[in-house]
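Quick note on numbering that gives the first Met the number 0: the sequence shown kicks off at 0 and runs consecutively.
Structure record follows, encoded as structure tokens.
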Amino acid sequence: MEQAKIESRVKELDANLELTSGEIFDTVCGEFGLDITSLESELGCKCPFALVGYLSECETVNHEY
């Protein structure tokens with residue numbers, strides 16, 4: 000997974016004060032080919048920082064196996 004790239008992009012977009020969290024979430028998911036509907040359902044929100052945390056956690060779990 001490109002978790003570090005996704006995190007960097009979230010931070011970059013967050014610096015643009017005109018974008019909402021939902022817009023950042025949608026943009027990042029679209030740019031990286033992530034399933035917006037499934038991730039929103041899993042996270043219970045469209046928070047880009049929750050997305051980064053979730054992907055980081057998934058990456059950590061994958062490295063443990």
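For glycine and all other residues, C-beta sits at the position ideal for the given N, C-alpha and C.
Rounded distance between the beta-carbons of residue j and residue i, thought under 8 Å
| i | j | result |
| --- | --- | --- |
| E54 | F24 | For clarity, residue 54 is Leu in the given sequence; the question names Glu instead. Actually they do not touch by this definition, with Cβ atoms about 12 Å apart. |
For residue i, three-class secondary structure by DSSP
| i | result |
| --- | --- |
| C28 | helix |
| G21 | helix |
| L50 | helix |
| L12 | helix |
| E1 | coil |
| C57 | helix |
Residue i CB to nearest heavy atom of the ligand FMN below 7 Å
| i | result |
| --- | --- |
| L18 | Ligands are entirely absent from the displayed structure, and the ligand FMN is therefore not among its contents. |
Where the alpha helix (DSSP H) containing residue i begins and where it ends
| i | result |
| --- | --- |
| L33 | Here L33 belongs to no alpha helix (DSSP H), and DSSP marks it neither H nor E. |
Notebook entry, point to check: Between the region 8 to 17 and the region 37 to 46, do at least 3 Cβ pairs fall closer than 8 Å?
Noted result: As far as the Cβ criterion goes, the region 8 to 17 does not touch the region 37 to 46, which means the pair count is below three.
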